[in-house]
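With full-length UniProt numbering as the guide, the letters of the sequence shown map in order to residues 1 to 221.
Just so you know, even glycine gets a beta-carbon here, dropped at the ideal spot from N, CA and C.
Notes follow once the structure below has been shown.
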Amino acid sequence: MEFDDLIHTRRSVHQYADTDIDDDTLVDLFEDVRFAPSSFNLQPWEFLVVQGEDLERLQSVAYGQEHVTDAAAAVVVLGTLDPSDHAERVTADLLEKGYLPNEDAAEARLDTVDGLADADAETRRVWTVQSCTLAAMALMHAAWDRGIASCPMGGYDAAALHDEFDVPADYEPVMLVTLGHPAEEAADLERPRKFRRSTEEFVHFDGFDPVAREAPASADD
1 MEFDDLIHTR RSVHQYADTD IDDDTLVDLF EDVRFAPSSF NLQPWEFLVV
51 QGEDLERLQS VAYGQEHVTD AAAAVVVLGT LDPSDHAERV TADLLEKGYL
101 PNEDAAEARL DTVDGLADAD AETRRVWTVQ SCTLAAMALM HAAWDRGIAS
151 CPMGGYDAAA LHDEFDVPAD YEPVMLVTLG HPAEEAADLE RPRKFRRSTE
201 EFVHFDGFDP VAREAPASAD D
């Protein structure tokens, strides 16, 4: 699919056809996701793919949302809260391939990562969410390039998800992404797109000058 078509036709889909996604196709999606960018190239993401009867377990922590079990698969996007997890091998690779000039630069890089690993919990949470969100978007684009629809979800009980799927405490549940071939009505690209703000409204050159927010309605309205 041409990139313009991919961007312009992707939708968040709640209605899925009763068609499975085979494991080879799922692996292909994640082969594309591997190349998503991440802070310090530390790739903090982990993906729990949920299928079959286990979708009911996931639905139970996602406030009963029906499209979880209607989907062929759902992906729990998790991010490590320890930035040092893969730091040594990532840094060794950068040194070997000439991205870092010498051992001193490599040690300095590792020291920086160690400083981030020692940061407070909220700083580390934001760090992993930023990178894992990029990977989740890559997943959705890779899926749609193969005709597989998706829907990113923030509506779930993170603590219950940890318990239900035995996710260690040092991993942050960043989002859920449902995957499936779109149902016929959901695949209708002739329907008008939902409202999108204009480029002129949200792009700011040479200074930040946001549009006025709509004033809340008064009690007399």
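Contact test: residue i Cβ vs the ligand ADP heavy atom, cutoff 7 Å
i: A158; result: Within the structure as shown, the ligand ADP is missing, as the structure has no ligands at all.
Contact set for residue i: own chain, Cβ-Cβ below 7 Å, skip 5 residues either direction
i: A36; result: L134, A135, A138
i: A183; result: Q15, Y16, A17
i: V211; result: E201
i: V33; result: A135, A138, L139, A142
i: A117; result: D82, P83, S84
i: E6; result: Residue identity check: residue 6 is Leu in the sequence provided, not Glu. Excluding sequence neighbours, L6 sits near H141, W144, D145.
i: A87; result: L42, L110, V113
Cutoff 8 Å; reference residue i; Cβ partners in own chain excluding five residues on either side
i: V90; result: F40, N41, L42, Q43
i: E53; result: none
i: E185; result: Q15
Among the options, the one whose alpha carbon lies nearest that of residue i
i: D170; options: L78, E164, E88; result: L78
i: R57; options: S12, V75, P101; result: V75
i: L48; options: V177, L110, D120, M1; result: V177
i: R109; options: L94, D120, L179; result: L94
i: H8; options: P101, I21, D206, R191; result: R191
i: R10; options: D114, I148, D120; result: I148
i: S131; options: D22, W45, E66; result: W45
i: Y63; options: D157, T199, F195, P173; result: D157
i: F3; options: T25, E172, D145, A160; result: D145
i: M153; options: L55, P168, V174; result: V174
Same chain, Cβ closer than 6 Å to residue i, neighbours up to 5 away in sequence not counted
i: S12; result: C151
i: S38; result: S131
i: Q51; result: A73
i: Q197; result: The sequence as given places Arg at residue 197; Gln does not occur at that position. Once the five neighbours on either side are set aside, R197 has no close Cβ partner at all.
Residue i vs residue j beta-carbon contact at 8 Å
i: L81; j: T128; result: yes
i: G155; j: A71; result: no
i: V61; j: A160; result: yes
Boundaries of the beta strand (DSSP E) in which residue i is found, first to last residue
i: Q51; result: 45 to 51
Boundaries (first-last residue) of the alpha helix (DSSP H) holding residue i
i: L55; result: 54 to 61
i: L42; result: Note, L42: premise wrong, no alpha helix (DSSP H); not H, not E.
i: H8; result: 3 to 9
i: T25; result: 23 to 33
Exercise for review: Just list the alpha helix (DSSP H) runs in the segment 143 to 203, keeping only unbroken ones of 4 residues or longer that don't cross its boundaries, in chain order.
Suggested key: 158 to 164, 199 to 202
Review point. At what residue ranges does the segment 53 to 114 contain a whole run of the alpha helix (DSSP H), taking only runs of 4 or more?
Key: 54 to 61, 66 to 70, 87 to 96
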